Amino acid sequence: MNDTPRPRRFLPSGPLRGRIRVPGDKSISHRALMLGALAVGETRASGLLEGEDVLATAAAMRAMGATIEREADGTWSIHGVGVGGLLQPGQALDMGNSGTSTRLLMGLIASHGITAAFTGDASLSKRPMGRVIEPLSRMGAGFTPSPGGTLPLMMEGLCPAVPIEYRLPVASAQVKSAVLLAGLNTPGVTTVIEPVPTRDHSERMLRGFGAELEVEELGGERIIRIRGEADLRPQTIEVPGDPSSAAFFLVAASLVEGSDLVIENVGLNPTRAGLVAVLRRMGASIEELDAREVGGEPVADLRVRHAPLSGIEVDPAVAPSMIDEFPVLFVAAALAQGRMVTRGLEELRVKESDRIAAMAAALTAAGAQVEETEDGLIVEGTGGDPLPGTGEDAPVVTHLDHRIAMSMAVAGLASRAGVNIDDTRPIGTSFPNFIDLLEGAANPPSRSREGSGVGLSDHDAPHPPSSPLPQGGEGE
Numbered sequence: 001m002n003d004t005p006r007p008r009r010f011l012p013s014g015p016l017r018g019r020i021r022v023p024g025d026k027s028i029s030h031r032a033l034m035l036g037a038l039a040v041g042e043t044r045a046s047g048l049l050e051g052e053d054v055l056a057t058a059a060a061m062r063a064m065g066a067t068i069e070r071e072a073d074g075t076w077s078i079h080g081v082g083v084g085g086l087l088q089p090g091q092a093l094d095m096g097n098s099g100t101s102t103r104l105l106m107g108l109i110a111s112h113g114i115t116a117a118f119t120g121d122a123s124l125s126k127r128p129m130g131r132v133i134e135p136l137s138r139m140g141a142g143f144t145p146s147p148g149g150t151l152p153l154m155m156e157g158l159c160p161a162v163p164i165e166y167r168l169p170v171a172s173a174q175v176k177s178a179v180l181l182a183g184l185n186t187p188g189v190t191t192v193i194e195p196v197p198t199r200d201h202s203e204r205m206l207r208g209f210g211a212e213l214e215v216e217e218l219g220g221e222r223i224i225r226i227r228g229e230a231d232l233r234p235q236t237i238e239v240p241g242d243p244s245s246a247a248f249f250l251v252a253a254s255l256v257e258g259s260d261l262v263i264e265n266v267g268l269n270p271t272r273a274g275l276v277a278v279l280r281r282m283g284a285s286i287e288e289l290d291a292r293e294v295g296g297e298p299v300a301d302l303r304v305r306h307a308p309l310s311g312i313e314v315d316p317a318v319a320p321s322m323i324d325e326f327p328v329l330f331v332a333a334a335l336a337q338g339r340m341v342t343r344g345l346e347e348l349r350v351k352e353s354d355r356i357a358a359m360a361a362a363l364t365a366a367g368a369q370v371e372e373t374e375d376g377l378i379v380e381g382t383g384g385d386p387l388p389g390t391g392e393d394a395p396v397v398t399h400l401d402h403r404i405a406m407s408m409a410v411a412g413l414a415s416r417a418g419v420n421i422d423d424t425r426p427i428g429t430s431f432p433n434f435i436d437l438l439e440g441a442a443n444p445p446s447r448s449r450e451g452s453g454v455g456l457s458d459h460d461a462p463h464p465p466s467s468p469l470p471q472g473g474e475g476e
């Protein structure tokens with residue numbers, strides 16, 4: 001990401017129509033690269049997300065010996081080094097803005113006899129790594145983090161590492177995955193006990209690559225065991241569309257009158273699909289078309305049509321299945337009928353930004369009525385009336401957080417005067433063609449661009465969005 005902010009004003013939109021395809025699932029893309037790099041032979045992955053976060057993972061795996069290439073048709077070829085075969089990286093691993101890359105790679109390195117330094121951008125360098133350092137230290141890895149347990153950080157793996165039984169103190173798929181990945185090269189059985197289920201992409205993909213992994217449900221908890229010193233087999237992977245990226249279009253089409261939009265190939269893993277259920281409870285019209293399974297993951301095309309929404313009290317138990325979608329859910333709540341109450345969202349305070357505080361400030365700037373609590377937001381809806389929008393000189397502060405930027409872009413579509421955002425650069429970390437898709441849905445080729453759009457205001461013109469990746473293809 002360059003150092004020049006790229007502000008933009010998102011204006012009221014006409015109906016969102018047609019068919020779109022969002023980029024590949026970020027969580028699955030990270031894991032495909034990592035496990036492919038540990039398999040012996042060639043793994044081929046199509047539909048891989050090509051945002052900055054995933055490219056940081058690819059660069060790190062190359063630095064540790066894997067051969068990773070993108071072919072002309074968008075398919076990625078990954079030639080792995082085998083479990084236990086990671087090489088000492090020649091320089092610091094720059095993780096950019098990606099907390100997932102950082103925490104999962106720490107797990108991989110923890111059981112290899114190599115040393116690695118991790119660096120990241122200003123946002124990532126504020127994020128706590130202690131929750132991963134603690135279990136990996138118990139397995140024998142050594143860490144020298146910056147004050148507060150943050151990046152820059154130096155770590156030294158141990159081979160052979162020590163198998164452990166670890167009960168997750170917080171619901172975190174990243175911590176769970178880091179321990180399981182460390183267990184791949186650890187003799188014996190490594191066990192993770194998960195009191196609250198989180199996204200299970202790691203378990204599904206580890207099994208697919210041939211790891212010995214068992215999941216037992218006992219007393220409402222998930223007990224996950226992995227046998228180490230694994231031999232992983234290369235795979236052919238088709239990455240489904242990211243439900244966290246589809247979320248912005250589900251909310252936008254629900255809010256903008258006259259919308260009728262199909263979002264193709266969306267992953268609907270039950271540990272990730274909480275937003276669809278919550279939006280339906282609010283009154284959203286979301287229909288699943290052509291439900292199918294792709295690479296062990298449930299997938300469907302989602303048809304979403306404009307519908308009046310009502311505020312609800314969101315059960316804290318659904319938070320792990322939609323933790324990244326709460327910022328855009330808050331936007332939906334701001335335009336619903338009545339009040340939405342959310343609780344149990346402490347995890348949002350340690351994401352790319354403090355997403356509770358950032359969204360409270362952003363929505364307030366756009367004219368919404370929001371009350372911030374210790375662990376969530378209370379949002380008073382407008383009853384479907386557009387938000388007033390932000391002033392020209394009062395842009396929303398995104399705090400280098402891609403989900404804040406995209407959520408408030410959606411708010412701009414459902415506003416009277418538009419919403420100014422201070423910087424759209426962070427969007428590239430997870431959804432490089434977001435703005436292009438948004439403009440295409442609001443202005444499909446079959447109808448005139450007059451009278452609708454997701455345009456720039458005049459003073460934004462010198463700051464065009466970065467060039468998007470091709471739309472709709474398997475190379476997203």
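Sequence positions in the sequence shown follow UniProt numbering and run 1 to 476.
Even for Gly, the Cβ is constructed at its ideal location relative to N, Cα and C.
These numbers were taken from a predicted model, which means no experiment stands behind them.
Item	Value
Do Ala-161 and Gly-140 count as a contact pair if the criterion is CB distance below 7 Å?	yes
Thinking just about the alpha-carbon of each residue, which of Val-294, Ala-361, Leu-400, Arg-227 is nearest to the one in Asp-3?	Leu-400
From Gln-471 to Gly-142, what distance separates their C-alpha atoms?	At Gln-471, the pLDDT of 28 sits below 50, so the modelled position is not reliable; the number obtained from the coordinates is stated separately. Computed Cα separation, rounded: 43 Å.
Quick check on DSSP: helix, strand or coil for Pro-377?	Sequence inspection shows Leu at residue 377; the Pro mentioned does not correspond to that position. Correct three-state label for Leu-377: strand.
Among the candidates Thr-190, Leu-363, Pro-12, Ala-300, whose CA atom is the shortest distance from the CA of Asn-265?	Ala-300
Under three-state DSSP, which class holds Ile-164?	coil
With a 10 Å radius around its C-beta and 16 neighbouring C-beta atoms as the bar for buried, classify Glu-52 as buried or exposed.	buried
If we call anything under 7 Å between Cβ atoms a contact, is Arg-157 one with Ala-230?	According to the sequence provided, residue 157 is Gly. The question's Arg does not apply to it. Result no, Cβ atoms of Gly-157 and Ala-230 do not sit closer than 7 Å.
Decide if Val-251 is buried, meaning its Cβ has at least 16 other Cβ atoms within 10 Å, or exposed.	buried
For Ser-259, which residues in the same chain have their Cβ closer than 6 Å to its Cβ, ignoring the five residues on either side in sequence?	Pro-15, Leu-16, Ala-253, His-306
Measure from the alpha carbon of Asp-436 to the alpha carbon of each residue in Ile-20, Asn-269, Gly-208, Thr-190, then state which is nearest.	Ile-20
Would you mind sorting Gln-91 into buried or exposed? The rule is 16 or more other CB atoms within 10 Å of its CB.	exposed
Answer yes or no: do residue 481 and Ser-321 have a C-beta to C-beta separation smaller than 7 Å?	The displayed coordinates of the chain run from 1 to 476. Any statement about residue 481 would go beyond what the structure contains.
Counting only beta-carbon atoms, is Glu-69 nearer than 7 Å to chain C?	No chain C appears in the structure shown, which is made up of a single protein chain.
Just the C-alpha distance for Phe-10 and Arg-349, rounded to the nearest angstrom, thanks.	26 Å
Take the Cβ of Thr-373 as the centre, count every other Cβ of all protein chains shown within 10 Å, and call the residue buried at 16 or more, exposed below.	exposed
Where does the unbroken alpha helix (DSSP H) through Glu-69 begin, and where does it stop?	Where Glu-69 is concerned, there is no enclosing alpha helix (DSSP H), although the beta strand (DSSP E) it sits in stretches over 67-70.
Cβ atoms of Thr-390 and Asp-422: under 7 Å apart, would you say?	no
Is Trp-76 a contact residue of the ligand ATP, with contact defined as CB to any heavy atom under 6 Å?	Looking at this structure, you won't find the ligand ATP or any other ligand, since it has none at all.
If we require 3 or more residues per run, which beta strand (DSSP E) segments fall completely within the region 340-425?	369-373, 376-380, 419-421
Report yes if the CB atom of Leu-87 is closer than 7 Å to the CB atom of Phe-118, and no otherwise.	no
Mapping DSSP to helix, strand and coil, what is Glu-325?	helix
Within this structure, are the beta carbons of Leu-232 and Leu-49 separated by less than 7 Å?	no
Does DSSP classify Ala-39 as helix, strand or coil?	coil
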